[in-house]
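Following: one structure in structure tokens, then a few remarks.
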């Protein structure tokens, strides 16, 4: 059985039980080396230089775009716009996609899939969820019927509770009502094999740092004819075909959306992260992750006074809970002092928390390197934290 | 007296080497603090800037101010108790003339996160505002 931790430098330097991969993942040693090598050996700007180093950097950057396209089975590399991450991808869409004044979102969205639409004065409609926090399809279809020609923008996996949405069904229903679909893949990229063509998705966004790659990089996938119709997000160098003092014309997508010098080393690091993932047997990865997730869920359910908010069948990546009458922050702080890293609070999903009447939750989340030993150490520390808090309650 | 109060708590906290034991002591201090009247649990007395809910109010006996706090989280309640204990029993003038950086002596940055440190700074600010109000005769 492969020990994935061996591939990650972090675990050679730290004994921490890292259960916050939904916030950001650790990076394989090969990714760190690739990024460092760029600065040590090949550093140059891309696209406009004519010298050898610039051409070499451009090739690595554009090869990374091709790898990213293959990673999500996009039609071609020209469907891939590099961004800072999902947040920038959605802001780009909110700014540049015209003709869709209503945005249909779910009740389980991250702030990054709410606030950009508010800033661009879109009319937001919210799909209800059922008792397991899955999308209520009656509510969804009603909204589609009432708001044809809208943009549906929904998370692939809830960053709070781990519910996996049925993206194929969501997209197919949306298209019947002439709606476009954007899927926020922030939590999905590391845990699901994404195929944008098979799912017929119009836009898909990813954050590389949650998929074992450096921070500050992500992508917006778009169907090419849609990207062509969209106006640039930012203006500057690298995105124009001609500029006069009166007006400018722009390059074709994706370059028209990539103004200024990009995060070249981050993109090169991401390419290495994809190579790392491609070197693994993905089915084995999925089985391993499912095993760890269900072990954690089963272990938590044995505790008295545990509050888990969904019993949905398809959960991945993130698991949220509370302990009755104890504050999530107290648990998180005591876990931290025992070498366990978890996330506590509202997880950038305040409307979801308000809907459920919660101040926050304790969220544990997993990466490829998480294992049952992590869960065991977490459970021992959790029970100790509860015991301390109960003693003084 | 503020310095004496502070030194007493610094001494107590320094007794613990282990961060978890130090936290447990802070929680214990919070649990012993029972002089808060629930009628003050309102937005008016809610300390803004804390990640959990912390309420803080002030009473005056003769010319001395006494601070009372509570929280929905036990560590925050303990931290609030410590800050209240440092400043309680002093006149508004003594509080306003005390060193604004004195809480650094608690070395809280070694055991609590930057977010919690901001919360502690907010509690201190509220205490100074209460003292200023009394000094101004409000």
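Residue numbers (my numbering), protein chains in the order written: chain C, 10 to 402; chain P, 1112 to 1249. Glycine is no exception: its CB is placed at the ideal position from the N, C-alpha and C atoms.
Identify the contact partners of residue i in chain C, using a Cβ-Cβ distance below 9 angstroms as the criterion.
| i | result |
| --- | --- |
| residue 1135 of chain P | 343, 397, 400, 401 |
For residue i, would you say it is in contact with chain C, using Cβ-to-Cβ distances shorter than 8 angstroms as the test?
| i | result |
| --- | --- |
| residue 1162 of chain P | yes |
| residue 1123 of chain P | no |
| residue 1131 of chain P | yes |
| residue 1142 of chain P | yes |
| residue 1221 of chain P | no |
| residue 1139 of chain P | yes |
So residue i and residue j are supposed to be a Cβ contact under 8 angstroms. How far apart are they, rounded?
| i | j | result |
| --- | --- | --- |
| residue 262 of chain C | residue 90 of chain C | 7 angstroms |
| residue 340 of chain C | residue 387 of chain C | No, residue 340 of chain C and residue 387 of chain C are not in contact; Cβ-Cβ is about 11 angstroms, not under 8 angstroms. |
| residue 331 of chain C | residue 371 of chain C | 6 angstroms |
| residue 31 of chain C | residue 119 of chain C | Not confirmed; about 10 angstroms, so no contact. |
| residue 1180 of chain P | residue 1167 of chain P | 5 angstroms |
| residue 44 of chain C | residue 223 of chain C | 6 angstroms |
| residue 183 of chain C | residue 205 of chain C | Actually they are not in contact, since the Cβ atoms of residue 183 of chain C and residue 205 of chain C sit about 14 angstroms apart, beyond 8 angstroms. |
| residue 1176 of chain P | residue 1242 of chain P | 6 angstroms |
| residue 226 of chain C | residue 269 of chain C | Their Cβ separation, rounded to whole angstroms, is 14 angstroms, which puts residue 226 of chain C and residue 269 of chain C out of contact at 8 angstroms. |
| residue 285 of chain C | residue 221 of chain C | 6 angstroms |
| residue 1239 of chain P | residue 1228 of chain P | Not a contact, Cβ separation roughly 17 angstroms. |
| residue 1133 of chain P | residue 1124 of chain P | 6 angstroms |
| residue 217 of chain C | residue 166 of chain C | With a Cβ gap of about 16 angstroms, residue 217 of chain C and residue 166 of chain C do not count as contacting. |
| residue 378 of chain C | residue 127 of chain C | Contact doesn't hold; Cβ gap of about 37 angstroms is too wide. |
| residue 265 of chain C | residue 248 of chain C | 5 angstroms |
| residue 65 of chain C | residue 51 of chain C | 6 angstroms |
| residue 394 of chain C | residue 343 of chain C | 4 angstroms |
| residue 140 of chain C | residue 240 of chain C | In fact, because the Cβ distance is near 42 angstroms, the residues do not count as touching under 8 angstroms. |
| residue 1178 of chain P | residue 1195 of chain P | 4 angstroms |
| residue 17 of chain C | residue 38 of chain C | 7 angstroms |
Does any C-beta atom of chain P lie closer than 8 angstroms to the C-beta of residue i?
| i | result |
| --- | --- |
| residue 346 of chain C | yes |
So with CB distances below 7 angstroms, who are the chain C contacts of residue i?
| i | result |
| --- | --- |
| residue 1184 of chain P | 336, 338, 339 |
| residue 1194 of chain P | By Cβ distance, chain C contributes nothing, its closest Cβ being about 17 angstroms from residue 1194 of chain P, past 7 angstroms. |
Positions along the stretch 323 to 339 of chain C whose CB lies within less than 9 angstroms of some CB in chain P: 335, 336, 337, 338, 339
Go through the stretch 188 to 263 of chain C residue by residue and report every complete run of the alpha helix (DSSP H) that reaches 4 residues or more, in order. Qualifying alpha helix (DSSP H) stretches, in chain order: 205 to 208, 233 to 238.
What are the complete beta strand (DSSP E) segments, minimum 3 residues, inside the stretch 315 to 400 of chain C? Entirely contained in the stretch 315 to 400 of chain C, the beta strand (DSSP E) runs reaching 3 residues are, in chain order, 315 to 317, 327 to 332, 352 to 354, 370 to 374.
Taking only runs that begin and end inside the stretch 102 to 179 of chain C, name each unbroken alpha helix (DSSP H) of 4 or more residues, in chain order. 124 to 128, 146 to 155
Which parts of the stretch 1114 to 1144 of chain P are runs of the alpha helix (DSSP H), unbroken and 4 residues or longer, counting only runs that do not cross its ends? 1130 to 1143
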